[in-house]
Each structure stands twice: as structure tokens, then as C-alpha cells.
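Residue numbers (my numbering), protein chains in the order written: chain A, 2 to 341; chain B, 2 to 341; chain C, 2 to 341; chain D, 2 to 341.
Rendered as C-alpha cells:
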């Protein structure tokens, strides 16, 4: 059994990690902590875990983490991860970071969008972007995995086949994204009150969201050319789930020929356990992926334009589920262990 | 036109008052303020009011209030009203207070349930409880009206006929109350986040809620004997609306005879514009009263037991709508002006 | 007082019409009916109307309509309106039709998208499209007004300034639309059950929705050239409200110069009582327009691209509110009567 | 591996059974069917199951069921189960029936509340009521288990300690119950549309619900005396979950002494894996049990009165989860297999 720790167990991604790990056949939760606050049994923080786990959620103590864990999940806000990851890595632990701290190789972009200095450039260089469908081989041997953001996971998986095969006009990509509220974490602010969100819907951070450069970076890498998407996120009055509707222009030269886009996508993702391509004329909905680690993709050809619709659960494939998928890959467990 | 002011215009009851007063035929909003914070046009605080009103929401200045207004609504949390009301009353203004500060004549009970000292006992004595269906005559001439709490409005209206006619065993009353989230005001706390309330339902302050002594006080007054109800409030995952399911034992002596309870209720409330008694076997639902100042009551006889179901909109009949109804009565406007 | 009738009073748009008309200062509801079904007091169909109106909702009788009404609202599904409108028009009544039957001048397009024959081409030619911001003058004297669809109202108002001023590449318009469930009417089908929609979000009729040709037709008319938009509607788990996020490429020739897009929009709509243009960097949300007849528009310039966000209440500005606005114009009442 | 069948796989309880059984370590789904309709892969009926199961949901064929299954779940509406169960039992299969057909030993009561004749009285006599916490020993050897209703599961578990120990006045029990919409099954009717339930809350079948006699029957059995509860169910605007607030008078003779009610409840349920008793002053909420097979109970002593609050997931402990718990007991699997 692998001994794992969860740093930041009291937030939504931490809670979801605990939930998954409690049913994982090859790992056991060896350590739980919150960065600050006093120690408290995890089942008092989350009464839902009573009778399932009996473990104290400590105040963070790095030595304890190192002595008790082989692999550690950092379920922390950005900045907080940088402070801790280096110490764990130095002690030889493997780290899966759910924050944004190790996702963007371009430090200037990170500092612009997150508004803080990056203080661990050395480990940043070694970090592997934890999107298994594109980087599985690197993840296998990575010591530090940067678990992707929720919006980027959906967007990159939805666009990867088109971009990799050079089928899209690179300046034409528009991502209209809609997310459930848990995507924002447990933020205690007026804008996240029930009374403010219930029966409402709105866009926010229009074309300036911090996930946009993450999408740009990994699509550009895939294309071998610079890609700059338009990205408008919206807040759905639901708890969890992301659906993105993506519009692209076909590229001039390489029109799709001889096969449908659906067939092309099915081929691109043919051995992927968590990618499900919808049949022609059929589209994803959040309900089908909610509570699962699946990513559902629907795609349709409208002459010069292509419309792609993609759905994931932001707390699972968009965060904690994908983190466990990465752990499975890193430790040669079956990739779906604990996730189906 | 009556010149009215709203102190505390940035909360949910303040917002609702502005909304009603903008369509009121006999009054005009002469002054808006928040207790603290800088001045800001009300249409910037609530973009929904743009094109309907062009008025600045000031930082509170008592002199301004006195010079501009005839009647003032205090849409404030408890304690805050006590500090202001005395000054306005002294200057001859009429005051409708939506807080709890002037509802309970028994100071000891107030201090126990609200955890603060009462600092304006003189005006407390003069305050009239603003439940028009029971105290219309006193409201007409009141200088200070204590607008009832939302739960008590529903509970007292639902029970008044039975209690007044001595038809219920006084120690048997059980009130199982359910409220939408706006009933709690704009409280920025983890428990009121969308993610915490959506798809959830729970009881809170079981038999210790501060509205319980208010219900007890006014039912006891009506009965001429001490009544102590059981009261369990619950939080509904909706924005507005209260529904209470009330269980009582019939009293030994005075069984209902010769007429149905529905007929008895219809008679008791026969000239009330905002009370609607449901037909036999038919019950209120929140949707029918939401956005209205109505109070719907359904009642049924089950042998020894009576079950009453009552619904109101907590922000209207349970707060701001009733406050305007009181204003109408105080100024001899048609009682339904601005409210139908 | 104008005598008005509502044909189809039991659906959501009919219910909303009754609600508005009950507070209208210059008209009175003279006749209510459902197309089929037995007569029933409207307050039994909608208990929320009790104490506000006491009128029977009849089974449709054309003679009664003609004898009692000056102006009639048809709150009916498509096809049903065609059968009735001709008779009312012939009798000299003025008709505001909320169905799609008289919106599309191109009969072939109507028949393709609605799947039925058009049986009243004569009146179709005389029908005026009831979007007051563009066709106010024609509406004044129209005998038959075709009230616009909910999605088209938002889309056309959001795009009209850009299209009219030739600022957009005509083949580049993408409309990502999200609507509350009442937009579908009171359709009793598995897909509209609470359990299917709650906590879900999905696209439907991707690029094939019947409102797309309506948008195309009126934008093309405005541009004097053929416009073909991409249009993807989605279903929001809320009761009412539409928000559309619109992406356009700027046209080559006529770049916006010397003034911001916000200023340009403010100028275009400067005397419109129901259009509100958001300040730079600020965007509409459904909560601000819900329960109102307003249309809120936010617009931003992103180099080659423009992003426009627009919100309306689908039952008001998107249906019944706009219908009453049209009635006000037709009868020279103040345009906002009953609507603010 | 045990071969199990699910008859009625297309409803909500059928869907939930498939979901649980796919992760069950000791059983495999050998047969799925819908009572009527054509054959269809289950992953087409529920796209969420794609990549998890590849099995056709057939039109019911009794011979197939018998040849392929050892144990069968009937996830059917009442009446439908009676027609099928007898055949399966005769063939030696073990049956867990989720309908109401075998719950009430008193045929007259069944026929009164369900409005149909009971056609299988022979098997009714042999049926064991599948509430493991009270009838575990009988369930072990039962051939036919009548899986309890959702409301009764919560109510009986909440009241069993008080009733068994004779601590409550038998005529005083009031159950105010609130349920998510999935409790009604996939009923396609106006009352279950999203637009009707969203932002609403209401009581229904006040004191006449068909689950009331089930509660009465099993509480009476426990007490050895006739118990008649008051029972008012309400519809919550959420997908799943039940919370019941229960009010009882203490019995005259046997006042609780020497220990708290919480301690008494903890002792009564001390070895139960799915019952969690809340600490003093702490109460259940639906979120803590949603998606789990737990039953959370909070209890408090208020002088003469006791208030008990209980919460379960209506589709799990209230239906399919409890059905699998029963299967585990019948086949000597660990009782929590597939359920934690």
C-alpha cells in the first residue's frame, strides 16, 4: 500500500481527494493536514466521513509529512504550494500539486496572471503537466506533477486532436466556458453567497481569466505555433461540473477528408479510459460526467466551422480525480483504480 | 406625496423596500443611506435599479434624514435600530423599524435572545407591533411601528383564529418552519455559500431561535394565557419564501362545532386584503406567494389534531411588504397601495 | 380603458401577460381563454392571482373575443395563432401574436424550421416585427404585430449597432446562448422534469434552432446583406432569464475609430427606456434583468474581436413584457406603462 | 460471484442499483431489463454508464431472468412487482422487491392506500421487511425481501429506540417529512416539471400518504401496541435526500433517567455500520448523507417533548443502497460491501 498525504484537506479538492482515496485499492491516507488552524478529526470537519475514516487533520508539520508519506497531494491555493513543494521534493517524496504554481513554464506569464513572484523556478523546470492523455509517459517518472486547471483540462482535451493534426485556424479558437460554483473553491465572499448565485448566470473575468494562458501554453506546444484563444468563463448555479462550447474555423490547407470528425476523435483517443466521444449529433451534458472522472466530447462539422462541446466534473477530471489518475500512473497502478 | 427614507438600503430588505416604493403612488423616496460605507448611487449598488431611480445612497447623516423625510424605514440589524430610532422619533418623524429592537416588550427576553442590552426602553413602550391583521387600529396612530419578524408573521397569522377562539391546547403547538436563504440577510459566512446550501436542507437553532419568544409573546397576548410553542426552523435551498407546517391539539372544552375550520378562518379574516384561506384539502405553496404580500393559509381537521400550513414571501409580507402596508395604514393610503 | 384579451392564458407567457395587465394603468383584461379545456376561473388555474382578479378563463369563442376586446394577445404555440389571427383581424381587432407564425416573411424558411404549412400568407405580409427599438414607427400603426422570439430579441438588440454601422465581418458572428427553462413553455416531457435539469447544463439544437433563421433574417435586413450566424442554445437550471455571449470579428474596412464601443452603443440606444448599456469592463447578469423588461448589454473591444454580452428576462422583454410594450406603442400610451 | 438481475433498470432506483452493483466486489450484473419497451444498451439509456458497462437492457423475459440470475431486484412501481415476483420465487430465485407490494401484511390497508387488489397473498406472508437494523436475522434466510419505503426507513430508524423502550406517548408522534424530487420516481407530469418545483416548496398528501400506514405498521409491531402517527410529506427543490423532523411527547411512566437520549441511541445502534448518531446539539443535514447509505440521527430532550431529526439519501438507504445491503446480508457478504 502506498502511503499518501493530503495537504489542504479542508477545501473542496481536499475533501474530494479523501473521498476517492478512501476507496482506493492500492493506497492509504497516511497524513492529512490543513495549512493553518488547529488539529481536528477529519470527520468533524466533514461529518459525511464519519464511520468511513478516523484520522486527525493536523496543522501542517513538514517533518511528519516526510516521515509518514511516500506521495503527497497539495490541495492548496497558488503561492501556498511553492512554499511547501520544494521541501517535500528535497526529501525524496513525489508530489502532485493541484495549484497553479508549477503549470506555467513561462514565469513572466505566471507572475502577470497570478500577481505574485515565483519562488521555486528550479522545481518548476522539472514539473510535468499532469494531463495523462497527452503526457502519460513523462508522468510515469515525474517527481513533481502539476495537475492541470479545470477549464484547461476540458479545453485542451477538446481541442488536442484538431490542433495536433493542424486542422484549425490558430487564431480562430473561441472557448465559451461554464462552470459550477465549486470551481472557485470555498471562497467566503458576497459573490459566492447562495442568494447571489441562485437563479442567476453571468460571465466573469472576460478574456482575462488566469486559466487562459494555461490553455494557450499547452495548445501552442501541441501546435508548434503560437495559439491565442478567446476565453469567456461563466458561473453556473450548480455545485459541480464544467461544460465548454468551443468554436473554431477550419484551417485553409488541411480540410478534413475521408472521415468524420467523430471518427477522427475516436481514433485519437482510442485507448483512453476516461475520454468518451459522443456519436454524431449527440452532445455531452454535465449530468453524465458529474461524480465521474470522465471527459465527454461532442464534435460537429458545420462547413467552415467546427463546434466542439466538452464536459467534465471540475472536482474530479478537473482536479482531484485527475490527480489520483496521475498517482496511478506514477506508481504503475491500473490507471482507473479508485476512479470507476 | 409622502417623503420617505430608507436607512440600510443595501441589504435585502432595503433593496426590496426601494423596489416597492418606486411604484408606490403616494410616496417618494427622499433619502437613502447605508449606515457605514461611502456614498454611492443606488443604481451602482443594485444595477437592476438603473433607469428606474437616480439617487445617491449616502453614509448616514441624521440631520439630512430629519430634514428630508416624513417617515423612515429602518432596514437594519438589531441593535443598530435602537441607536437611530430615538433621534428620529424625537424630531417628530414616524418610524417603521424592520429590526427586532422594538418587538419584544419584555426586555429580559430580548436581552437573552439577542445577547445585547436594550438601550431605548422608553420608545420600546410606545412601539406598536406592526401586524395589521391584529393591530390595525393602533398602527394608524403609531409613531413607532415594530415590523414583525418573518417567521412570527406567518406563525401568528396561521394560529390567531384558533388561539383567539380558544380552540387549541395551549401547550401543544408545534411549528415546523422552512425558510428561503434571504431570510438570513446578506450574511457573508461559510454556511451561506452557494456550495453549502445548494442541494442541501437542514434544521438550525432547534427550539432556540430568537423568533420563538416573539411568537410566544403575541400568541400569549391573544390567548390571555402563557403559550410556549415548539419551533424548529429549517433552511430551504431557495432564495425567498417561508412555509410553516403547524400541528396543534384541540382544546378539551371548546371543540369546533357547526362549521368547518376553513369557514371559521374565512370569517376571521374576511376583510383582510392580504390573507387568502385555501379551500378544504388544498394547501399553500411558496410559489403562489413569492413576489407578493399575500399570506396563504390552509387548515384541516384531523380528529383531535389540527394541521395548518401557511406561506408568505419572507421579504414581502415577512418584511418590506408588510412595512409598506404599515406605512399605508399610518398615512391613510389605501392599504394595498403599491402592493398588488 | 383599452379592452384586451389574452388567448392562451394558461401557459407561462399568458400567465405573465395577466400579471402585467393587472397593474396596467390604461387597459383592462376583458377576456381570457384557453384554446381547449373547460372554463375555469383564472385564479383556480393560478392560485397566485386570487384576490387580484376574478375572471373566468373560457374555452375559446371567437365571437366573444370580438365583442369584448379591442386588442388581443395570442399567447399560443406556433400554428395555433394562424388559425385564429385572421378572424380577429378581419373583425377589425388589433393583434399581438407571441407565436412564431408571423415573424418570418420567407414562408419556405418558416415551413422548414417549424415543420408545418403556413396557412395565412396574406396577413403574414402585413405583419410588423414587434421589436420597438428597431421598428417603433411601423408598430404604431400596425394591425398585426409579430412579437419577437426570446433569443432573437436579445441577439438582435445586442448586434444591431455593429451591424447597422457595418462594423462586423458578416460571416463571423457566433452566438452562445443560455436560457432558463420557462423559455420552452410548459412542455410536459421527460427532458423538462426537475430531476433531469437540476444540477445539469447542456446544449441543444446545436446550430439548428428555429430562432436562428429569425436572427438571420432581421440582421440581414439591417445589414442589407445576407448574414448567417452560428447559434448554440443551452439550457440553464433556472426558471427565467436569457444571457447570450456573442463573438464577432471586426470588419476590414471600417474599424471603430475615435470612440469606444460602449459610447457608440449608448448613442445608438440613447432614448430607449428599456436598453441599458453597461460601463466598460462591466457585464450583464441575469439577476439584474429578471422580473424586468430591461435588456442589459455589455460590450468590449479585444483587438480584432468584439465580445458582447446581453441579458433579458425571456418571459418579459423576451415575450410578454415586449408584447405589452408593443401594445403601449400601438395605442399611444407611455411606452413604459405597466412595465417599470 | 453472485449473478444478479435488475428488473426496471431505466428508473431512478434501477439506475442507482446498476451504479452500485458495478462496483460491488462479490456480484455481477447478469441481466437488465425494462418491463416494456424495446431492447437498448444500458449505456444508451444512461450515457453516464458508457465505458463502465456494456450490457443490453432487454424487454422482460422471465425465462431469461431465471436462467441467468441467482438474485433479482425488482425496481418497479407497485402492482408491477406482484405480477413477476411469484414466478421468480417459484423458480427458486431470491427476490428483493423495491416496490410497496410486499411491505404491508394487512391486505386491506394495502388495497386502501394503493387502490388495487393484492394478487399474491401467499408470497406476501413469507416476505421479510428489509430493514436490516431491525430484521437482520430474518433477512439472512429470506427468499423474498420487501425493501422498505424511503420515508418509512428514516422514520422507523429515528423512532425505533424510543418506541422499543416505551419512552414515548404512542398517540403523540408527528413526522414532518421533506423529500427531494427523485423520491417520486421518473413521473412525467406537470407537477414535476423544473419550472414548477424550482424555487418552490409545498406539502402534499397531508396525512394521507401511502407511506404512513407502513410507518404505523412497523412502529406498532415494535411497540406491541397500535401506533398512529401524523405524517406530512413535503417536496424539496433538490434531486435527492430526505430529512424528517419528528416531534414526540414523552410517555408518562417511563421518563428517561440516568443517561442522555444520545447515549441511549448510540447504545441501541452500537454495531450498526450505517447508523450515525449526532452529538448533543448537533443535527443531520442532507448533504452529509447524500450519495451514501448512511442514516444520520440527531435527538434532543426538551422537557416533556423530544425532537428527533433524521436524514437519508432516498435513493440509497431509502431504496437501492438498502436493497444491496439486504443482498449482502442474504448472501453473507460483508454488510457494507459496495456501499462505503
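Yeah, the Cβ is synthetic: ideal placement off N, Cα and C, and Gly gets one too.
Problem - One or two residues paired with residue 1 (chain B) in a DSSP bridge - result: Because chain B in this structure spans residues 2 to 341, residue 1 (chain B) falls outside the shown range and cannot be described.
Practice task
Find the residues of chain A that neighbour residue 196 (chain B), judging by a C-beta separation of less than 8 angstroms, and give them in chain order.
Solution key: By one-based count along the second chain, residue 196 (chain B) stands at place 195. Taking a Cβ-Cβ threshold of 8 angstroms, the residues of chain A close to residue 196 (chain B) are 13, 182, 183, 187, 193, 240, in chain order.
Handout entry: Exposure label - residue 264 (chain A); buried when at least 16 CB within 10 Å
Key = In the first chain, residue 264 (chain A) corresponds to position 263, counting from 1. Residue 264 (chain A) is exposed by the Cβ-count criterion.
Handout entry: Beta-bridge partners of residue 277 (chain A), as assigned by DSSP
Key = Position 276 of the first chain, counting from 1, holds the residue named residue 277 (chain A). In the DSSP output, where bridge partners are listed per residue, residue 277 (chain A) has A:297.
Practice task
Could you please give the first and the last residue of the uninterrupted beta strand (DSSP E) stretch that includes residue 245 (chain B)?
Solution key: Residue numbering aside, residue 245 (chain B) sits at position 244 when the second chain is read from its first letter. Membership of residue 245 (chain B) in the beta strand (DSSP E) is indicated by the continuous run 243-250.
Practice task
Within the same chain, show all residues whose beta-carbon is closer than 7 angstroms to that of residue 62 (chain B), passing over the 5 residues directly before and after it, in chain order.
Solution key: What you label residue 62 (chain B) is simply residue 61 of the second chain in a count that begins at 1. No residues qualify anywhere along the chain.
Problem - Contact with chain C by residue 286 (chain A), beta-carbon distance below 7 angstroms - result: In the first chain, the residue the question calls residue 286 (chain A) occupies position 285. Yes, residue 286 (chain A) counts as interfacial toward chain C.
Handout entry: beta-carbon residue 22 (chain C) near the ligand GDP non-hydrogen atom, thresh 6 angstroms
Key = Annotation note on the ligand GDP: not contained in the displayed structure, which lists no ligands.
Practice task
Specify, as a first and last residue, the run of the beta strand (DSSP E) that residue 212 (chain A) falls within.
Solution key: For the purposes of this step, residue 212 (chain A) is taken as the residue at position 211 of the first chain. Note, residue 212 (chain A): premise wrong, no beta strand (DSSP E); alpha helix (DSSP H) at 212-224.
Practice task
My understanding is that residue 54 (chain B) touches residue 23 (chain B), with C-beta atoms under 8 angstroms, so please give their C-beta distance in whole angstroms.
Solution key: Residue mapping note: residue 54 (chain B) aligns to position 53 of the second chain, counting from 1. Residue mapping note: residue 23 (chain B) aligns to position 22 of the second chain, counting from 1. So it is a contact: roughly 6 angstroms between Cβ atoms.
Handout entry: Straight-line gap, residue 67 (chain C) to residue 88 (chain C) (C-alpha atoms, nearest Å)
Key = In the third chain, the residue the question calls residue 67 (chain C) occupies position 66. In the third chain, the residue the question calls residue 88 (chain C) occupies position 87. In this model, residue 67 (chain C) and residue 88 (chain C) are separated by some 9 angstroms (Cα to Cα).
Problem - Inter-residue Cα distance where the pair is residue 47 (chain B) and residue 311 (chain A) - result: Taking the first residue of the second chain as position 1, residue 47 (chain B) is located at position 46. Taking the first residue of the first chain as position 1, residue 311 (chain A) is located at position 310. Looking at the two C-alpha atoms, the distance is approximately 35 angstroms.
Handout entry: Chain-ordered neighbours of residue 20 (chain C) on chain A, where CB pairs are closer than 7 angstroms
Key = Sequence index remark: in the third chain, residue 20 (chain C) carries index 19 (1-based). In chain A, no part has a C-beta under 7 angstroms from the C-beta of residue 20 (chain C); the shortest such distance is about 18 angstroms.
Problem - Contact set for residue 162 (chain B): own chain, Cβ-Cβ below 7 angstroms, skip 5 residues either direction - result: As a position in the second chain, residue 162 (chain B) is number 161, starting the count at 1. Excluding residues within five positions, the ones whose Cβ falls inside 7 angstroms are 265, 266, 269.
Problem - Neighbourhood of residue 80 (chain D) by C-beta distance below 6 angstroms, restricted to the same chain and skipping five residues each side - result: Taking the fourth chain and counting its residues from 1, the one referred to as residue 80 (chain D) is at position 79. 117, listed in sequence order.
Exercise for the section: Could you tell me which of A:43, A:4, A:38, A:2 sits nearest to residue 15 (chain A), measuring between CA atoms? Expected result: The residue labelled residue 15 (chain A) in the question sits at position 14 within the first chain. Ranked by how close their Cα comes to the Cα of residue 15 (chain A), the residues A:43, A:4, A:38, A:2 have A:43 in first place.
Problem - Buried versus exposed, by CB contacts within 10 Å (16 or more), residue 201 (chain D) - result: The residue given as residue 201 (chain D) occupies position 200 in the fourth chain. Answer is buried; the Cβ neighbour count reaches 16.
Handout entry: For residue 151 (chain B), the first and last residue of its enclosing alpha helix (DSSP H)
Key = Along the second chain, read from residue 1 onward, the residue named residue 151 (chain B) stands at position 150. Taken as a continuous stretch (DSSP letters only), the alpha helix (DSSP H) holding residue 151 (chain B) covers 151-165.
Handout entry: Per-residue DSSP class, three states only, for residue 203 (chain C)
Key = Within the third chain, numbered from 1, the residue matching residue 203 (chain C) stands at position 202. Strand at residue 203 (chain C).
Handout entry: Chain-ordered neighbours of residue 248 (chain C) on chain E, where CB pairs are closer than 9 angstroms
Key = The structure shown contains no chain E; its protein chains are A, B, C and D.
Practice task
Please name the residue in B:112, B:11, B:315, B:326 whose C-alpha comes closest to that of residue 152 (chain B).
Solution key: For this step, residue 152 (chain B) is matched to residue 151 along the second chain. Checking every option, the nearest Cα to that of residue 152 (chain B) belongs to B:315.
Handout entry: Closest by C-alpha distance to residue 305 (chain A), when choosing among A:173, A:194, A:17, A:284
Key = Locating residue 305 (chain A) in the first chain gives position 304, counting from the first residue. Closest option to residue 305 (chain A), Cα to Cα, is A:173.
Exercise for the section: Measure the CB-CB distance between residue 3 (chain D) and residue 28 (chain D) and report whether it falls below 7 angstroms. Expected result: Within the fourth chain, residue 3 (chain D) is the residue found at index 2, counting from 1. Within the fourth chain, residue 28 (chain D) is the residue found at index 27, counting from 1. A contact, by the Cβ cut-off of 7 angstroms.
Practice task
At 3 residues or longer, and completely inside the stretch 64-129 of chain A: list those beta strand (DSSP E) runs for me, N to C.
Solution key: Counting whole runs of 3 or more residues, the stretch 64-129 of chain A contains the beta strand (DSSP E) stretches 72-75, 95-98.
Practice task
Leaving out five residues on either side along the sequence, give the residues of the same chain with a beta carbon under 8 angstroms from the beta carbon of residue 58 (chain A).
Solution key: As a working note, residue 58 (chain A) is residue 57 in the first chain. Excluding sequence neighbours, residue 58 (chain A) sits near 10, 11, 33, 34, 35, 40, 41, 42, 43, 46.
Problem - Terminal residues of the beta strand (DSSP E) in which residue 182 (chain C) lies - result: Residue mapping note: residue 182 (chain C) aligns to position 181 of the third chain, counting from 1. Note, residue 182 (chain C): premise wrong, no beta strand (DSSP E); not H, not E.
Exercise for the section: Note down, in chain order, all residues in the stretch 28-60 of chain A with a beta-carbon under 7 angstroms from any beta-carbon belonging to chain D. Expected result: So the list reads 48, 49, 51, 52, 53, given in the order they occur along the chain.
Handout entry: CB contact flag (residue 21 (chain C), residue 299 (chain C), <7 angstroms)
Key = Position 20 of the third chain, counting from 1, holds the residue named residue 21 (chain C). Position 298 of the third chain, counting from 1, holds the residue named residue 299 (chain C). If you check the CB distance, residue 21 (chain C) and residue 299 (chain C) do not come in under 7 angstroms.
Practice task
Confirm, please, whether the CB-CB distance from residue 177 (chain D) to residue 246 (chain B) is below 7 angstroms.
Solution key: As a working mapping, residue 246 (chain B) is identified with position 245 in the second chain. As a working mapping, residue 177 (chain D) is identified with position 176 in the fourth chain. Yes.
Exercise for the section: Use the C-beta contact count for residue 127 (chain A): other C-beta atoms within 10 angstroms, 16 or more gives buried, fewer gives exposed. Expected result: Looking up residue 127 (chain A) in the first chain gives position 126. Within 10 angstroms of the beta-carbon of residue 127 (chain A) lie fewer than 16 other beta-carbons, which makes it exposed.
Handout entry: Span separating the alpha-carbon of residue 291 (chain C) from that of residue 313 (chain C)
Key = Taking the first residue of the third chain as 1, we reach residue 291 (chain C) at position 290. Taking the first residue of the third chain as 1, we reach residue 313 (chain C) at position 312. If you draw a straight line from the Cα of residue 291 (chain C) to the Cα of residue 313 (chain C), it comes to about 7 angstroms.
Exercise for the section: Kindly give me the distance between the Cβ atoms of residue 145 (chain B) and residue 103 (chain B), rounded to whole angstroms, as I take these residues to be in contact under 8 angstroms. Expected result: Stepping through the second chain from its first residue, residue 145 (chain B) is reached at position 144. Stepping through the second chain from its first residue, residue 103 (chain B) is reached at position 102. Residue 145 (chain B) to residue 103 (chain B), Cβ: 6 angstroms. Contact.
Problem - Collapsed DSSP secondary structure at residue 232 (chain C) in the structure displayed - result: Looking up residue 232 (chain C) in the third chain gives position 231. Three-state result, residue 232 (chain C): strand.
Exercise for the section: Return helix, strand or coil for residue 20 (chain D), following the three-state DSSP convention. Expected result: Taking the first residue of the fourth chain as position 1, residue 20 (chain D) is located at position 19. Note: residue 20 (chain D) maps to helix in three-state DSSP.
Problem - Segment limits, alpha helix (DSSP H) that includes residue 327 (chain C) - result: For the purposes of this step, residue 327 (chain C) is taken as residue 326 along the third chain, with counting starting at 1. If you look at residue 327 (chain C), you'll find it in the alpha helix (DSSP H) that goes 322-331.
Practice task
Keeping to the same chain, check which residues put their C-beta closer than 6 angstroms to that of residue 327 (chain B); ignore five residues upstream and five downstream.
Solution key: As a working note, residue 327 (chain B) is residue 326 in the second chain. Close CB contacts of residue 327 (chain B) within its chain, under the 6 angstroms cut and outside five residues either way in sequence, are with 97, 131, 140, 146 (chain order).
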